[in-house]
Ligand code: TRP
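Numbering (my numbering), first residue to last: 204 to 659.
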């Protein structure tokens, strides 16, 4: 059986805080190390645009959150780690889901409804100042989840309704078009939902009560010193129940440390002393990551490369699945006729299968062969009859070939051009050589015949 897929995203609208770390990032990384699941972690930067109109902030937050995952020990080679906006299949799927999403259901989404209620209470037009992105937020989120067939989605309580909606859209789509989508399940970690902020309420950017994860030591210390406590004097026994300080301590302590602190509370530890202990505990865990974080922030080139690789890996799954979904709804190759009308589903024939069945050689899929020669990485493009169309130049890294092939595949031939004798370019990048007696047009039509699920 396939491994269970666990998927979660963090919106790139702010600076990561202790609550994000203890609540989402730390457990996610621990789970990814257990190896019995496939993990999908992504930066929800399209979602950030719903609330943030400041481009510098979106970019900075994306950098910070990516650096946080990596500094906290995420191994991008063992998980799928990517940036939402690098996956064009997500907005593409969003539209297909938009067309099965009940508008009435979206009207009842908590975030949208709260905005409408506020307006109504103030005697304004119900939709005053509400952008359609807020309204569509649950559909975009459903696309994030359904595109990768996630089984489990760990989120905070406030996201439960979004998961219900994702299941609703998936079920409607499956009902109409066949069983394409996995219905995702929400996973709520109770200990996570309750990590308190400085004022004792849930730590959240919207309450302005957060402790930044990678604040410099001095700032971390003074934030911790400002945690709200009661007025019990040193020597007076203190209660752990309802104490934000204790809960924060517990979130970073092992069992023995937590027990010792519980005893210290009973014995009347001074608040100042308890806060100093909390600072020492948190800093001892954060300090090594902080160093890594700072060095990553200074090297955005590295993070950018990791994310681009992640997108290539994620799109290996997304692209063929999206092709299946396009086919299911009827966005099809017009040459591919005589298909069963209403039985579309994962078992419906793909374009090349249909071509093979009808013996119509003109729509046999093209193929790309990657190979290695004299220490360099190359690829060839062949048409459906096996005729050579193009031979690439040699690249130093397999990854460069992978990226170029993916781009070529996506381009459908647009952006291809000749320069010099037989030199072929894709945009600004050298591609290789056009084979004898063929043409750019032949390449474009070969690219158009790619199998719905052919892996380039
Ligand atoms: N809406 C989520 C939040 O605010 C972030 C998010 C976007 C997400 N897409 C997702 C979470 C998909 C899980 C799965 O926390």
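C-beta: ideal position from N, C-alpha, C; glycine also. Treat the numbers as computed from the prediction; the structure is a model and nothing was measured.
Measure the C-alpha to C-alpha separation of residue i and residue j and round it to an integer number of angstroms.
i, j, result
"residue 155", "residue 576", "The chain is shown only over 204 to 659; residue 155 falls outside these bounds and no answer can be derived."
"residue 231", "residue 374", "27 Å"
"residue 281", "residue 522", "20 Å"
"residue 244", "residue 487", "26 Å"
"residue 391", "residue 356", "8 Å"
"residue 640", "residue 532", "38 Å"
"residue 509", "residue 279", "7 Å"
"residue 603", "residue 573", "11 Å"
"residue 527", "residue 324", "46 Å"
"residue 642", "residue 319", "57 Å"
"residue 364", "residue 393", "16 Å"
"residue 477", "residue 253", "40 Å"
"residue 517", "residue 613", "15 Å"
"residue 499", "residue 264", "13 Å"
"residue 662", "residue 423", "This structure cannot settle anything about residue 662, because the visible part of the chain is limited to 204 through 659."
"residue 616", "residue 598", "21 Å"
"residue 274", "residue 637", "45 Å"
"residue 419", "residue 506", "21 Å"
"residue 473", "residue 425", "17 Å"
"residue 358", "residue 569", "42 Å"
"residue 267", "residue 287", "15 Å"
"residue 338", "residue 312", "8 Å"
"residue 239", "residue 205", "10 Å"
"residue 295", "residue 446", "47 Å"
"residue 539", "residue 524", "19 Å"
"residue 651", "residue 301", "27 Å"
"residue 583", "residue 292", "26 Å"
"residue 330", "residue 225", "36 Å"
"residue 368", "residue 437", "51 Å"
"residue 547", "residue 611", "No answer about residue 547 holds up, because its pLDDT of 42 lies below 50 and its placement is not dependable."
"residue 414", "residue 594", "55 Å"
"residue 589", "residue 380", "34 Å"
"residue 434", "residue 410", "23 Å"
"residue 170", "residue 255", "Here the chain comprises residues numbered 204 to 659, so residue 170 is not present and cannot be evaluated."
"residue 285", "residue 503", "15 Å"
"residue 559", "residue 520", "For residue 559, the predicted structure reports a pLDDT of 45, less than 50, and the residue's modelled location is therefore unreliable. The matter cannot be settled from this model."
"residue 618", "residue 336", "32 Å"
"residue 332", "residue 494", "42 Å"
"residue 219", "residue 534", "41 Å"
"residue 557", "residue 567", "Only weak support exists for where residue 557 lies, its pLDDT of 46 falling under 50; the value from the coordinates is given anyway. C-alpha separation (whole angstroms): 9 Å."
State yes or no: is the C-beta of residue i within less than 9 Å of the C-beta of residue j?
i, j, result
"residue 471", "residue 512", "no"
"residue 221", "residue 571", "no"
"residue 492", "residue 217", "no"
"residue 580", "residue 600", "yes"
"residue 334", "residue 328", "no"
"residue 317", "residue 340", "no"
"residue 468", "residue 443", "yes"
"residue 283", "residue 241", "yes"
"residue 646", "residue 607", "no"
"residue 354", "residue 207", "yes"
"residue 453", "residue 463", "no"
"residue 529", "residue 343", "no"
"residue 481", "residue 399", "no"
"residue 455", "residue 465", "no"
"residue 723", "residue 387", "The structure shown does not extend to residue 723, since the chain is modelled only from 204 to 659, so the question has no answer here."
"residue 496", "residue 304", "no"
"residue 289", "residue 514", "yes"
"residue 362", "residue 389", "yes"
"residue 586", "residue 501", "no"
"residue 257", "residue 308", "no"
"residue 621", "residue 629", "no"
For the stretch 424-444 and the stretch 397-410, state whether three or more C-beta atom pairs, one from each stretch, are separated by less than 8 Å. Contact between the stretch 424-444 and the stretch 397-410 is present, because at least three Cβ pairs lie under 8 Å.
Would you call the stretch 206-220 and the stretch 342-358 in contact, with 3 or more CB pairs under 8 Å? With the rule of 3 Cβ pairs closer than 8 Å, the stretch 206-220 counts as touching the stretch 342-358.
Kindly provide the ranges of any alpha helix (DSSP H) runs that are 4 or more residues long and lie completely inside the stretch 397-458, ordered along the chain. Runs of the alpha helix (DSSP H) inside the stretch 397-458: 420-428 and 447-455.
Give, in chain order, every unbroken run of the alpha helix (DSSP H) that is at least 4 residues long and sits entirely within the stretch 573-658. You should have 601-614 and 643-651.
Which whole runs of the beta strand (DSSP E) in the stretch 263-311 are 3 residues long or more, in chain order? Assignment of beta strand (DSSP E) within the stretch 263-311, counting only whole runs of 3 or more residues, yields 283-286 in chain order.
Those runs of the beta strand (DSSP E) which lie wholly inside the stretch 307-390 and span at least 3 residues: Every beta strand (DSSP E) stretch that sits fully inside the stretch 307-390 and reaches 3 residues is listed by chain position as 355-357 and 388-390.
Within the stretch 494-544, note down every full alpha helix (DSSP H) run reaching 4 residues or more, in order along the chain. 503-532, all fully within the stretch 494-544.
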